[in-house]
Amino acid sequence: MNCIQQLPKVGAGYFILTISSLSTEYEWLSALKEIPRWLPPLWPTVVVAPHPDDETLGAGGLIATQRRQGVPVTIIAVTDGEAAYLDAVGLAETRRAEQEAAVRDLGVQASDIVRLGLPDSKVAKFEEKLTEDVRPFVRPGTLLVAPWAGDPHPDHEACGRAAMRAARATGASIVFYLFWAWHLNTPDSLSSLPLRKFRVPYELQARRAAALACHRSQLARDNGEPILPECFLAPARRPFETYIVSESSN
8 MNCIQQLPKV
18 GAGYFILTIS
28 SLSTEYEWLS
38 ALKEIPRWLP
48 PLWPTVVVAP
58 HPDDETLGAG
68 GLIATQRRQG
78 VPVTIIAVTD
88 GEAAYLDAVG
98 LAETRRAEQE
108 AAVRDLGVQA
118 SDIVRLGLPD
128 SKVAKFEEKL
138 TEDVRPFVRP
148 GTLLVAPWAG
158 DPHPDHEACG
168 RAAMRAARAT
178 GASIVFYLFW
188 AWHLNTPDSL
198 SSLPLRKFRV
208 PYELQARRAA
218 ALACHRSQLA
228 RDNGEPILPE
238 CFLAPARRPF
248 ETYIVSESSN
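Letter by letter, the sequence shown follows residues 8 to 257 in the numbering used here.
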């Protein structure tokens, strides 16, 4: 299915691109059917979100599960997502409020969100700062959850690289989530990765869905196409989440 999507270009501004997912959801589900299962350790968990909504899209079920078991979860909100639409007024404030409502549905309080305020679409220019900002929150016995450095969006890639450096420097365990890769990669292109399946308990799938619905500015627009039309959301509605898991995070 084709979707209209705004993607950042080099320099200021955005261009409009029609995205055709390279593989269908059926093909992804077939490819992921036999990957090994994974249970997250009950360690303090830190989730890196490049934009408000990425924590829900990539790791909402994991967050809700950790919180239900009493595990502390910190959300590192890297940007406020202010560049999602060029013509939106007050979008950063709107998206911060949406994120707070979403993570509340997942069991995380607003006081557990760390806001870095880096510029949306330009995180790569601040990778060293981001690495240093993440380091104080992780240590051995911390589970760091970040976007995969190969997830094809420049902010996701930068966050993945920075998180990996922070984990290596501190001895924290790290796992990676994916979002744009489900649309811009194929199962064969990811087959060499140590993908693991985390089954989201049924009752927490509903919490994740409620959290996703909080990101209203990304799901619908009065004028023009939203950033997240329904055809992009199938991976976030699966009964499981997929992570790239190293041996140290098992």
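A virtual CB, placed ideally from N, CA and C, is assigned to each residue, including glycine.
- If you check the CB distance, Gly65 and Ala243 come in under 9 Å.
- For Gly68, the enclosing alpha helix (DSSP H) begins and ends at 61-75.
- DSSP places Glu41 in the coil class of the three-state scheme, outside both helix and strand.
- With a contact defined as Cβ atoms closer than 8 Å, Glu134 and Arg168 qualify at about 6 Å.
- Taking Thr86 as the centre and dropping the five residues before and after it, the same chain places the C-beta of Pro57, His58, Leu125, Pro126, Asp127, Val130, Asp162 closer than 7 Å to its C-beta, in chain order.
- Leaving aside the five residues that flank Ala213 on each side, none in its chain has a CB nearer than 6 Å to its CB.
- Less than 9 Å divides the Cβ of Val53 from the Cβ of Phe144.
- Cβ-Cβ separation between Thr149 and Ala179: approximately 4 Å, consistent with a contact (criterion under 8 Å).
- The beta carbon of Val141 is closer than 8 Å to those of Val53, Val55, Ile83, Leu151, Ala169, Ala170, Ala173 in its chain, skipping five residues each way along the sequence.
- One thing to note: Asp112 has its Cβ within 9 Å of the Cβ of Cys221.
- Cβ contact annotation for Pro43 (same chain, cutoff 6 Å, sequence separation greater than five): Arg203, in chain order.
- Nearest C-alpha to Asp61 among Val252, Pro246, Phe239: Phe239.
- Along the stretch 168-250, the beta strand (DSSP E) occurs as fully enclosed runs of 3 or more residues at 180-184, 202-206, listed in sequence order.
- Shown here for Pro159: same chain residues with a beta carbon closer than 8 Å to its own, the five before and five after excluded, namely Trp187, Ala188, Leu191, Asn192 in chain order.
- Cβ-Cβ separation between Tyr184 and Glu232: approximately 24 Å, too far for a contact (criterion under 8 Å).
- Taking 9 Å as the cut-off, the Cβ atoms of Ile234 and Pro201 do not count as close.
- Take Ser28, set aside five residues on each side of it, and the residues of its chain with a beta-carbon closer than 6 Å to its own are His190, in chain order.
- Contact check for Pro154 against Gly68 fails: the beta carbons are separated by 9 Å or more.
- In the DSSP annotation of this structure, Thr81 is not part of any alpha helix (DSSP H); the continuous beta strand (DSSP E) holding it starts and ends at 80-86.
- If the five residues before and after Leu137 are omitted, its C-beta is found closer than 6 Å to the C-beta atoms of Ala169, all from its own chain and listed in chain order.
- The Cβ neighbour count for Thr31, taken over all protein chains shown within 10 Å, is under 16; the residue is labelled exposed.
- When rounded, the separation of the alpha-carbon atoms in Glu210 and Asp229 is 32 Å.
- Note that the C-beta distance between Trp45 and Pro194 is not below 9 Å.
- Here DSSP, grouped into helix, strand and coil, assigns Arg122 to strand.
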